[in-house]
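These protein sequences, in sequence, are chains A and Y.
Under this note's numbering, the first residue of the first sequence is numbered 1, with each subsequent residue one higher.
Under this note's numbering, the first residue of the second sequence is numbered 251, with each subsequent residue one higher.
There are 2 protein chains.
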Amino acid sequence: MSGRLFVVGLGPGDADWLTPEAARVLAKVTDIVGYGPYIDRVPLRAGQARHASDNRSEIERARHALGLAASGGDVAVVSGGDPGIFAMAAALFEAIEEGDKTWRDLSIEIVPGISAMQAAAARVGAPLGHDFCAISLSDNLKPWSLIERRLRAAADGDFVIALYNPASKARPDGIRDAFALLMQHLKHETPVIVARAVGRSDELIEITTLAEADLSRIDMSTLVIIGSSATRLLPCASGRPWVYTPRSVS
Amino acid sequence: MSGRLFVVGLGPGDADWLTPEAARVLAKVTDIVGYGPYIDRVPLRAGQARHASDNRSEIERARHALGLAASGGDVAVVSGGDPGIFAMAAALFEAIEEGDKTWRDLSIEIVPGISAMQAAAARVGAPLGHDFCAISLSDNLKPWSLIERRLRAAADGDFVIALYNPASKARPDGIRDAFALLMQHLKHETPVIVARAVGRSDELIEITTLAEADLSRIDMSTLVIIGSSATRLLPCASGRPWVYTPRSVS
């Protein structure tokens, strides 16, 4: 008797962004699998097993969850943000494709969540108000040349750009290389939003420019949004200006 | 005495995707402004005024809401999906920039929501599992040449592509022109997801290819996702295959 597997997006930090669907799934499953800090965000329930794992072993975590479901458990794999956007859902399907054939028969449901770029955008205005792209700067699983190709294409298309996984201890120079490349294509005064730990108590959001951004402050908890040629600042009474990308292009 | 203005994302259709933050805001405001079908999704409350408007007059709707807030109301402008992604938030800041100077002093909060591409992706697997871009095919406010430039850049960068506003009565040929352009750059068997009315009772999701997609069935309620070169199908027991884009590129 096979169980069911849910890949649940917790949104970025604040429980106020957890959807009713996600809350309902988390309340009914027998097992919760995920990176420790994400599991810590799920309220404890009697009779529910919690399986915390290291953040870097996404495939192993997916295999663990698949095994539990194949043994009859109702399992939630928890993911920050939206599991479908640079998170656990893709890793799960990779594990299924490479794994035990019976895993393809499991009942699987992806439960979407608010992703970091949406939360960061909401805090500052509407920077994603027009065509945009989302790029992960992690080169663990793709060559840096492909990241460069995509950054160049994003600049060619005059897209707003959301950068996920902008820097880590293993790759401190990725964000510097990315900004250096973009500086060759975009105006130096292009608005940049550096959003750290959005929705958490240590949230820190800075509005700067491509040339002036302090890249040393960017880490794996940071989401970076780089404007298009149309993205603009709108002064407001309360101090920090709004940042938005209008729908119309003149 | 000025009121407050909230731009609230209702998510795509299903109330199960409405965040607690959005529900709380909708329960406390004095006025709700929005396109009729969106307002209809908000539970009626005594003492709350509802101002329905035509879908096409986004700027007028924003001005109406700003005027109500400037007169002391606590106003929610409701938006389908995420207000920051091809929805009301950008229109609001345009209205502020062009409008009454006192509007810049208003207290404004953007409340994010699940966007259509996230809901569509969750239904079929993890097609947005790697770098992607989102493009609106509406040429009401931007020239078609810019849309072509962005489609070409998205193909050059081998991004997964989410197409919003793919067709309307006024622009029945946009989606045909977009597919014709993409056919020149991408493999004809590239996976395509056509997701209509996601999260609503008449939801209809089709998995097809760039060459075989039935474009006559695409309308304004449809979200289209076009895979990258890495996007693949994974057969599953229940009938429809999963579609996902792996994190690794070989």
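Idealized CB from N, CA, C, for every residue including glycine.
Which same chain residues end up closer than 7 Å to residue 257 of chain Y when comparing Cβ atoms and leaving out the 5 residues on each side of it in sequence?
If we look at residue 257 of chain Y and ignore the five residues flanking it on each side, its Cβ neighbours are 327, 329, 333, 338, 339, 342, 360, 361.
Taking one C-beta from the region 277-292 of chain Y and one from the region 232-239 of chain A each time, how about it: are there three or more such pairs within less than 8 Å?
In short, these stretches do not touch, since the Cβ pair count stays below three.
Look up residue 324 of chain Y in the DSSP assignment and give the residues it is bridged to.
According to DSSP, residue 324 of chain Y bridges with Y/254.
Helix, strand or coil for residue 375 of chain Y? Go by DSSP, reduced to three states.
If DSSP states are grouped into helix, strand and coil, residue 375 of chain Y belongs with the strands.
Kindly give me the distance between the Cβ atoms of residue 384 of chain Y and residue 412 of chain Y, rounded to whole angstroms, as I take these residues to be in contact under 8 Å.
So it is a contact: roughly 4 Å between Cβ atoms.
Confirm, please, whether the CB-CB distance from residue 52 of chain A to residue 31 of chain A is below 8 Å.
Not closer than 8 Å, so no.
If the cut-off is 8 Å on Cβ atoms, which residues from the region 185-204 of chain A count as contacting chain Y, listed in chain order?
Listed in sequence order: no entries.
In the DSSP output, what is residue 492 of chain Y paired with across the bridge?
Residue 492 of chain Y pairs with Y/484.
What does residue 344 of chain Y touch in chain A if you count any residue whose Cβ is under 8 Å from its own?
Under the 8 Å cutoff, chain A gives 244, 246, 247, 248.
Could you check whether the region 407-425 of chain Y touches the region 345-352 of chain Y, counting it as contact only if at least three pairs of C-beta atoms, one from each stretch, sit closer than 8 Å?
The answer is no - the region 345-352 of chain Y does not touch the region 407-425 of chain Y, with fewer than three Cβ pairs under 8 Å.
Hey, how far is the Cα of residue 209 of chain A from the Cα of residue 224 of chain A?
Distance between the alpha carbons of residue 209 of chain A and residue 224 of chain A: 11 Å.
Considering only their Cβ atoms, is the gap separating residue 178 of chain A from residue 222 of chain A smaller than 8 Å?
Against a cut-off of 8 Å, the Cβ pair of residue 178 of chain A and residue 222 of chain A comes out as no contact.
Compute the Euclidean distance between the alpha carbons of residue 268 of chain Y and residue 447 of chain Y, then round it to the nearest angstrom.
Cα to Cα, the separation comes out at about 16 Å.
Do you know offhand how far residue 405 of chain Y's Cα is from residue 139 of chain A's?
Roughly 21 Å between the two C-alpha positions.
Could you give the distance in angstroms between the alpha-carbon of residue 320 of chain Y and the alpha-carbon of residue 353 of chain Y?
Taking the straight line from one Cα to the other gives about 7 Å.
Check the Cβ of residue 355 of chain Y against every Cβ in chain A and list those closer than 7 Å, keeping chain order.
Those within 7 Å of residue 355 of chain Y in chain A are 237.
Look at the Cβ atom of residue 364 of chain Y, then the Cβ atom of residue 432 of chain Y, and state whether they are nearer than 8 Å.
Against a cut-off of 8 Å, the Cβ pair of residue 432 of chain Y and residue 364 of chain Y comes out as no contact.
Check whether the Cβ atoms of residue 261 of chain Y and residue 149 of chain A lie closer than 8 Å to each other.
For residue 261 of chain Y and residue 149 of chain A, no; Cβs fall outside 8 Å.
Just to confirm before moving on: does the CB-CB distance between residue 377 of chain Y and residue 325 of chain Y stay below 8 Å?
For residue 377 of chain Y and residue 325 of chain Y, no; Cβs fall outside 8 Å.
What is the rounded straight-line gap between the Cα of residue 199 of chain A and the Cα of residue 468 of chain Y?
So the two alpha carbons sit approximately 36 Å from each other.
If the cut-off is 8 Å on Cβ atoms, which residues from the region 148-167 of chain A count as contacting chain Y, listed in chain order?
Hits within the stretch, in order: 149, 150, 152, 153, 154, 156, 157, 158, 159.
In angstroms with no decimal places, state the Cα-to-Cα distance between residue 62 of chain A and residue 23 of chain A.
Computed Cα separation, rounded: 20 Å.
If you count every other CB in all the chains shown that lies within 10 Å of the CB of residue 167 of chain A, and 16 or more means buried, which is it?
Looking at its Cβ environment, which holds 16 or more other Cβ atoms inside 10 Å, residue 167 of chain A is buried.
I want to verify the contact list: residues of chain Y whose CB lies under 8 Å from the CB of residue 17 of chain A, in sequence order.
Under the 8 Å cutoff, chain Y gives 269, 270, 271, 362.
Beta-carbon separation of residue 251 of chain A and residue 244 of chain A under 8 Å?
The structure shown does not extend to residue 251 of chain A, since chain A is modelled only from 1 through 250, so no value can be given for it.
Leaving out five residues on either side along the sequence, give the residues of the same chain with a beta carbon under 6 Å from the beta carbon of residue 188 of chain A.
So the list reads 210, 211, once near-sequence residues are dropped.
For my contact list, residue 441 of chain Y and residue 455 of chain Y are in at a C-beta cut-off of 8 Å; report their separation, rounded to the angstrom.
No, residue 441 of chain Y and residue 455 of chain Y are not in contact; Cβ-Cβ is about 13 Å, not under 8 Å.
Check the Cβ-Cβ distances between residue 126 of chain A and every residue of chain Y, and say whether any is below 8 Å.
Closer than 8 Å: yes.
Rounded C-beta distance between residue 480 of chain Y and residue 153 of chain A? I'm assuming under 8 Å.
Residue 480 of chain Y to residue 153 of chain A, Cβ: 15 Å. No contact.
What residues from the region 423-434 of chain Y come within 9 Å of chain A, judged by C-beta to C-beta, listed N to C?
So the list is empty, because no residue satisfies the distance condition.
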